[in-house]
Amino acid sequence: VVFLNGCASLIVSSADVKLKSHQSGIKGGFITFPDPLENGLFTFQGTNIAEVKDKKIDILEETYKDRLSWNNKTGLFTIRGLKRNDSGVYSIDPKKGFSSKRSHKLTPKPKTYISNDSCSLLCLVNKTEETTLLWYKDEEIINQSSSALSLPLTVHRHDVTSSYRCVAANPAENKTLHVDVRNICVELNSGSKNGLSSNTRSQP
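Residue numbering for the sequence shown is 1 to 204, as defined by UniProt numbering.
What follows is the structure in structure tokens.
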């Protein structure tokens, strides 16, 4: 997990470093790791931060106590409230049920600009082939494109309490990036006059 200007993307790879999928997360937002765990360890930079045993999770590191969760139905881990010092490599180390250790690394991706009265977010993909980009405000589609590499969205001060997400969809799968505008567009939320640059990227 690596952050740049408050933004990050999740690169998921198997033990042989073969890229499996690419997702994105933002500082203050959350990421759900795509590989399930039935029993075993969840590690960060080689340090055990959680153990799953008998359908229960034991969080071993204090910094993750209120931010790390494990779904006992799906077996997936989620980290909320992403921050800069979350940067590094996370691994899912099964004791049984899966034959190999799987690692996840977050790396930076680029662009969001915040002015005095609005926050502009840009959702990007690496290719346009059969890919549709959509911005949602709550449950309403407010912008979409099936031909562009990027899709902009401007959030005004009076809209910061709504929920936003960018969806990159192709025939094979959908990828969703949830944006916590109240954290990313902090100047709008606090009424500060200072500008800030950061980014958002989603790759199906």
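Each residue gets a CB set at the ideal place from its N, CA and C atoms; glycine is no exception.
Since the structure is predicted, the reported quantities are computational estimates derived from the model, not experimental observations.
Coarse secondary structure for residue i, derived from DSSP in three states
i, result
"D159", "helix"
"N170", "coil"
"T43", "strand"
"R165", "strand"
"N72", "coil"
"V125", "coil"
"D93", "strand"
"R182", "helix"
"D58", "strand"
7 Å CB neighbourhood of residue i in its chain, flanking five on each side removed
i, result
"R80", "F30 and R67"
"K53", "N39"
Nonlocal neighbours in the same chain, by C-beta distance under 6 Å from residue i, ignoring five residues either side
i, result
"T176", "R165 and V167"
"T154", "S118 and S120"
"L41", "N48, E51 and D93"
"N72", "K55"
Among the options, nearest to residue i - alpha-carbon criterion
i, options, result
"V181", "G88, S69, Y64 and D138", "D138"
"W70", "I57, T63 and Y64", "I57"
"G75", "L37, K65 and N85", "L37"
"L133", "E140, S145 and Y64", "S145"
Whole-angstrom distance between residue j and residue i, CA atom to CA atom
i, j, result
"L149", "L122", "10 Å"
"L124", "V179", "14 Å"
"N143", "S87", "31 Å"
"H158", "R102", "42 Å"
"E130", "E62", "43 Å"
"S151", "K95", "Looking at the sequence itself, residue 151 is Leu, so the reference to Ser does not match. Distance between the alpha carbons of L151 and K95 is about 42 Å."
"T43", "N85", "15 Å"
"I141", "D35", "29 Å"
"E173", "W135", "17 Å"
"V160", "I184", "10 Å"
Contacting residues, own chain, Cβ-Cβ under 8 Å from residue i (five flanking each side not counted)
i, result
"I59", "I49, A50, K65 and L68"
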